[in-house]
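K.L.:
These protein sequences, in sequence, are chains H and L. With my numbering as the guide, the letters of the first sequence map in order to residues 3 to 208. With my numbering as the guide, the letters of the second sequence map in order to residues 3 to 208. We put the beta carbon where it would ideally sit given N, CA and C, even for glycine. Before I ask anything, here is the structure I am working with.
2 protein chains.
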Amino acid sequence: MTQSKIPDIIISRLPIYLRALRHMQGQGKQTTSSQELGEWVGVSAAQIRKDLSQFGEFGKQGTGYNIAFLIKKLNEIMHIDRVWDVAVVGMGDMGHAIARYQGFADRGFRVAMLFDSDPAKIGEEIDGFVVRDSAQMVPAIQQAGIRIAMLCVPASAAQAVANQLVQAGVKAILNYAPISLTVPPGVRVQYLDPSIGLQRMTYYLE
Amino acid sequence: MTQSKIPDIIISRLPIYLRALRHMQGQGKQTTSSQELGEWVGVSAAQIRKDLSQFGEFGKQGTGYNIAFLIKKLNEIMHIDRVWDVAVVGMGDMGHAIARYQGFADRGFRVAMLFDSDPAKIGEEIDGFVVRDSAQMVPAIQQAGIRIAMLCVPASAAQAVANQLVQAGVKAILNYAPISLTVPPGVRVQYLDPSIGLQRMTYYLE
Chain H
3 MTQSKIPDII ISRLPIYLRA LRHMQGQGKQ TTSSQELGEW VGVSAAQIRK DLSQFGEFGK
63 QGTGYNIAFL IKKLNEIMHI DRVWDVAVVG MGDMGHAIAR YQGFADRGFR VAMLFDSDPA
123 KIGEEIDGFV VRDSAQMVPA IQQAGIRIAM LCVPASAAQA VANQLVQAGV KAILNYAPIS
183 LTVPPGVRVQ YLDPSIGLQR MTYYLE
Chain L
3 MTQSKIPDII ISRLPIYLRA LRHMQGQGKQ TTSSQELGEW VGVSAAQIRK DLSQFGEFGK
63 QGTGYNIAFL IKKLNEIMHI DRVWDVAVVG MGDMGHAIAR YQGFADRGFR VAMLFDSDPA
123 KIGEEIDGFV VRDSAQMVPA IQQAGIRIAM LCVPASAAQA VANQLVQAGV KAILNYAPIS
183 LTVPPGVRVQ YLDPSIGLQR MTYYLE
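Right, dumping it as structure tokens:
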């Protein structure tokens with residue numbers, strides 16, 4: 003089994019499974035089934051078994067999955083059995099919100115650097131971090147070896163900043179700007195697009 | 003064909019297809035193929051053909067899909083061939099960012115009401131809207147017939163506010179709080195969770 007053979011679409015479902023499993027664990031549950039997990043996340047039980055089987059044998063016929071064990075395995079598979087430093091670029095409303103976001107703890111990430119190009123924002127302290135000048139972004143990210151960035155700049159600036167992030171060695175960009183980014187092979191972009199979330203629900207509204 | 007028979011997982015992919023198609027259209031393209039669209043969104047061509055075939059026959063063998071036509075059809079299927087009013091609850095950093103977000107135009111949504119419980123924020127004007135008192139939220143949403151809300155309150159308040167939104171008749175909640183919500187049948191929740199976006203990329207990082 004080589005990792006590169008596993009379809010992106012399966013990888014994209016793993017974090018959803020993980021979130022559901024953590025929620026079950028938070029409720030005190032110890033085991034679950036592909037049926038139960040599937041109902042939780044809106045995926046068929048067969049699909050869940052098929053997805054997880056790409057990575058090994060995690061459940062037992064009849065007894066289901068041990069939740070703690072499956073969480074541990076998913077963390078390992080997704081490489082979040084460590085903490086990744088993340089740079090946040092753009093300290094507008096969204097950047098501020100991200101810098102203060104309490105949801106990264108125990109999820110594998112830590113906001114490590116904040117950047118903005120606005121002299122009025124450079125030097126501002128947010129949750130113990132000082133906003134740095136974007137002009138120093140490329141060397142600072144390179145030196146720190148940061149591979150992950152969250153892009154919170156306006157749409158008009160997003161591509162140019164993404165190019166700089168790529169130059170700095172960033173391989174994974176979470177993009178909040180309402181614009182599609184072009185990046186070279188080997189760099190991944192995920193979009194945090196509220197319209198997508200809303201459009202997933204309007205189908206069900208009369 | 004009844005709509006209720008179409009799996010949620012297929013519905014959840016439609017907004018992704020739509021975004022890619024709109025991006026292609028923005029680049030001046032007129033037609034595309036399931037192959038090309040698939041490469042764009044990281045889904046197999048066969049899956050795209052299967053997904054779209056749930057709703058009718060949109061492409062022609064050999065000539066592919068007319069992009070403008072497929073966009074129009076997807077808008078109809080997802081009920082975003084209209085504009086939905088959306089209430090935003092919680093005017094912290096994230097609520098502010100959402101209230102000012104420029105990405106809803108032409109996507110089917112319009113921010114219509116803002117709420118907060120903090121007296122310091124009530125009455126504040128953001129992009130032409132005055133922040134209202136959350137104490138008036140239930141009757142205000144009921145009277146306006148709003149069905150969609152974005153929840154930007156702290157995790158500790160999210161479930162209580164969600165309960166009020168449900169009471170007010172909201173059927174679709176986009177939740178920014180890092181917490182899983184419990185809602186009655188017939189109400190849908192989507193999570194805008196930056197950790198999920200990041201975890202979809204760390205798999206590919208060494």
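Should the region 166–178 of chain L be regarded as contacting the region 188–195 of chain L, the criterion being three or more beta carbon pairs within less than 8 Å?
P.N.:
Cβ pair count under 8 Å is three or more, so yes.
K.L.:
Got a sec: is the Cβ-Cβ distance from isoleucine 143 of chain H to anything in chain L below 8 Å?
P.N.:
No, its Cβ sits nowhere closer than 8 Å to a Cβ of chain L.
K.L.:
Checking contacts by CB at 8 Å: is serine 14 of chain L closer than that to chain H?
P.N.:
Closer than 8 Å: yes.
K.L.:
Have a look at valine 88 of chain L and proline 141 of chain L and give me their C-alpha separation to the nearest angstrom.
P.N.:
Distance between the alpha carbons of valine 88 of chain L and proline 141 of chain L: 15 Å.
K.L.:
Confirm, please, whether the CB-CB distance from leucine 200 of chain H to arginine 149 of chain L is below 8 Å.
P.N.:
Cβ atoms of arginine 149 of chain L and leucine 200 of chain H: not closer than 8 Å.
K.L.:
Taking the alpha-carbon positions, what's the glycine 130 of chain L to alanine 162 of chain L distance?
P.N.:
Roughly 28 Å separates the two Cα atoms.
K.L.:
Can you check whether the CB of valine 91 of chain L is closer than 8 Å to the CB of leucine 153 of chain L?
P.N.:
In contact: leucine 153 of chain L and valine 91 of chain L (Cβ atoms closer than 8 Å).
K.L.:
Run through chain L and tell me which residues come within less than 7 Å of isoleucine 11 of chain H, C-beta to C-beta.
P.N.:
Those are Gly44 and Val45, listed as they occur along chain L.
K.L.:
Would you report the Cα separation of alanine 48 of chain L and isoleucine 11 of chain L, rounded to the nearest angstrom?
P.N.:
Those two C-alpha atoms are separated by around 15 Å.
K.L.:
My understanding is that leucine 23 of chain H touches isoleucine 73 of chain H, with C-beta atoms under 8 Å, so please give their C-beta distance in whole angstroms.
P.N.:
Sure, about 5 Å apart at Cβ, within 8 Å.
K.L.:
Given that a residue counts as buried once 16 or more other Cβ atoms are within 10 Å of its Cβ, and exposed if not, what is proline 196 of chain H?
P.N.:
That one is buried.
K.L.:
Return helix, strand or coil for isoleucine 150 of chain L, following the three-state DSSP convention.
P.N.:
Strand.
K.L.:
Give a yes or no on whether 8 Å exceeds the smallest Cβ distance from leucine 207 of chain H to chain L.
P.N.:
Yes, its Cβ sits closer than 8 Å to a Cβ of chain L.
K.L.:
Would you kindly work out how many angstroms separate the C-alpha atoms of leucine 166 of chain L and aspartate 120 of chain L, rounded to a whole number?
P.N.:
Looking at the sequence provided, one finds glutamine at residue 166 of chain L rather than leucine. Distance between the alpha carbons of glutamine 166 of chain L and aspartate 120 of chain L is about 17 Å.
K.L.:
Checking the sheet assignment: what are the DSSP bridge partners for asparagine 77 of chain L?
P.N.:
According to DSSP, which records beta bridges pairwise, asparagine 77 of chain L is partnered with nothing at all.
K.L.:
What residue does the alpha helix (DSSP H) around alanine 114 of chain L start on, and which one ends it?
P.N.:
Not the alpha helix (DSSP H): alanine 114 of chain L falls in the beta strand (DSSP E), residues 111–118.
K.L.:
Nearest to alanine 170 of chain H by CA position, among H:Ile79, H:Gly147 and H:Ile124, is which residue?
P.N.:
Per the Cα distances, H:Gly147.
K.L.:
Below 9 Å between beta carbons is the criterion; list the residues of the region 153–165 of chain H that meet it against any residue of chain L, in chain order.
P.N.:
From the region 153–165 of chain H, only Cys154, Pro156 and Ala157 have a Cβ closer than 9 Å to chain L.
K.L.:
What residue range does the alpha helix (DSSP H) around aspartate 10 of chain H cover?
P.N.:
Its alpha helix (DSSP H) spans residues 10–28.
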